[in-house]
Every structure is written in C-alpha cells, then in structure tokens.
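Notes follow the structure.
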Amino acid sequence: MGTTGRKLRADAERSIRTIMEAAERVLSENPGATMEQIAEAAGVARTTIHRRFASREALIDIMTVAAWREIAEAVDAARPSTAPPQVAMYQATANVLRVKSGWRFALTNRGPLSGEAARIEADVIGKCDLAIRRGQQEGAIRPDADPLWVRRVYLALLTEAAHGPHPGHAGPPAETPAETDADIDELATRVMDTLIRGFGPARPEADRPRED
C-alpha cells in the first residue's frame, strides 16, 4: 500500500475516534441523543457519521468494544499472572479506573454484552479470577474465602469507585467520575484496603472484638 493509502486509513481512524469521543460526551449527558447531535458535537457532516456507522446502535456497540479493549489492555499492563497479587490488583484497579473515566457511557451496564465485547469481558474476568487465586495461594486473601464471592465484591467496589462520589465528597454521587491521578490513586487504595480487610488473613483471636 502506498503512502496515500496509509494516509487515508489514518484519516479514517482519526475520524472514527473523534466521532466515538464526541458520542461518549454527548450520550453521557443525554442518552437519547441522535446521530445528528453526535455529528454536530464531533464537527463532522451527518453523511460522514452515517458512512462510518450503520446506525446509532452500531456506533454504541463499537464504542463498547473499544472501551473493553482498553480495559483489557489496562489489566494486562498490571501483569496479573506475574506481579505480586496485591500489587497486580492495585495496579489493575487504578488502570481500569482511568479507562472508566473516559468511557462512562460505553461501560454503563445496559444488559449482557454480546459478540467481541462479551469475549473480551470474559477474558478480563478470567484474569481477575487468576489474581484472586494467586492472592489466596500467597496469603493475601484467606484460602477459605469463596473466590467467586471475592470477585463479585471486588467488581462491586470497582464500580462504586468509578461512578460514586469523589474521595472526600460527602454529597450525592458526582456527575462525572474522578479524573485526576490523585483521585484515582486514592480510590484504588480504598478499593484494595476494603477488599483486603474483608478477605485478608484472619486476625489472631486476641485481636478480635469481644462481646460484652
């Protein structure tokens, strides 16, 4: 392929990315937004957006797959199969929170995923389960804890961290997720602290609260 072909492909990829980013912004504020409203926000003609995406549903599906690919890359970057389990889970948590801050609409649960997004999600869940099993083997998580329950609790904490109030915010959930590195680091620390305190090694009998 010549340089002209490569340039056309690069231009098309940039156009698609621009449209998806605009769609994420617009749909986060107004889930019922039309393709025309998304095109306006992206600064492209209506014909362009309809040429790139067959329908509004197709656009959302492609956004969802793109978001899950970034989630998968974020988890892989934490080295869940080789890094110390607590380190891997903390890093994966922080990485995923960063991804979620940019794909608030696309990653909102609207029912079971399908196709490529479902395949990627299953792969991510498998790596989460691997980190939990390694945590049990290495003593970070109690060996008698139900791994499925640990994962469900962890994912619930992760979801709340991504969509709940910012650290130190006492009011109702924020309209936008935490975006600064400091916010994300604190949220990741809170998630892991809660998880490990709940499923960490049992305390000695003498350290446990006594009933009167």
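Oh and the sequence shown: position 91 is 91 in the UniProt record's numbering, straight run, nothing missing.
For every residue, glycine included, the Cβ atom is placed at its ideal position computed from N, Cα and C.
Residue from 23, 142, 29 whose Cα sits closest to the Cα of residue 36:
23
Let's test the definition: count the other Cβ atoms within 10 Å of the Cβ of residue 91 and tell me whether it reaches 16, buried, or not, exposed.
buried
Spatial neighbours of residue 107 in its chain, beta-carbon cut-off 7 angstroms, leaving aside the 5 residues before and after:
67, 100
Would you call the stretch 184-198 in contact with the stretch 83-90, where contact means no fewer than 3 C-beta pairs closer than 8 angstroms?
yes
State the DSSP-derived secondary structure class of residue 38, mapped to helix, strand or coil.
helix
As a quick exercise: from 44, 62, 94, 39, pick the residue whose alpha carbon is nearest that of residue 187.
94
Take residue 141 and list the residues in its own chain whose beta-carbon comes closer than 6 angstroms to its own, dropping the five residues that flank it on each side.
135, 199
Buried versus exposed, by CB contacts within 10 Å (16 or more), residue 117
buried
Could you tell me if the beta carbon of residue 136 falls within a distance shorter than 7 angstroms of some heavy atom in the ligand SAM?
Looking at this structure, you won't find the ligand SAM or any other ligand, since it has none at all.
Out of curiosity, what's the CA-to-CA distance linking residue 33 and residue 39?
10 angstroms
Whose C-beta lies closer than 6 angstroms to the C-beta of residue 127 among residues of the same chain, with five residues either side of it excluded?
75, 80
Distance, residue 112 Cα to residue 152 Cα
16 angstroms
Go ahead and pull the three-state DSSP assignment for residue 16.
helix
Three-state class that DSSP yields for residue 70 in the structure shown:
helix
What is the residue span of the alpha helix (DSSP H) that residue 159 lies within?
147-163
Looking only at its own chain, which residues have a Cβ that is under 6 angstroms from the Cβ of residue 11, when we skip the five neighbours before and after it?
none
In this structure, how does DSSP classify residue 139 when only helix, strand and coil are distinguished?
coil
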